[in-house]
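The structure appears below as structure tokens.
Residue numbers (this note's numbering): -11 to 71.
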């Protein structure tokens, strides 16, 4: 689904998300440090993304991750906030 990229005002195809990035990072031996851009999405994006990535199951966002084929949480140890 296409979304408006609020930072550059262009259309983003939304092809790569947290799960796709982790799929690339694990074989590369890279530890993921995920960040939320507070300048474009706001503070409500933080708990949604944390829930999607790291909550086991039983909530809207964690169950969405499971529907996308990732049963277990990603287990990110480091999160960042940017602006």
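All C-beta atoms in this analysis are idealised placements derived from N, C-alpha and C, irrespective of residue type, glycine included.
Residues near residue i in its chain [Cβ-Cβ closer than 7 Å; skip 5 each side]
i, result
"residue 10", "20, 62"
Local Cβ density within 10 Å of residue i, reported as buried at 16 or more and exposed below that
i, result
"residue -10", "exposed"
"residue 31", "exposed"
"residue -7", "exposed"
"residue 85", "The displayed coordinates of the chain run from -11 to 71. Any statement about residue 85 would go beyond what the structure contains."
"residue 18", "exposed"
"residue -2", "exposed"
"residue 50", "buried"
"residue 26", "exposed"
"residue 69", "exposed"
Element boundaries [alpha helix (DSSP H), containing residue i]
i, result
"residue 6", "6 to 16"
"residue -9", "Here residue -9 belongs to no alpha helix (DSSP H); instead the beta strand (DSSP E) covers -9 to -7."
Own chain, CB closer than 8 Å to residue i, minus 5 neighbours either side, in chain order
i, result
"residue 0", "-10, -9, -8, -7"
Residue i - containing beta strand (DSSP E), residue span
i, result
"residue 21", "21 to 25"
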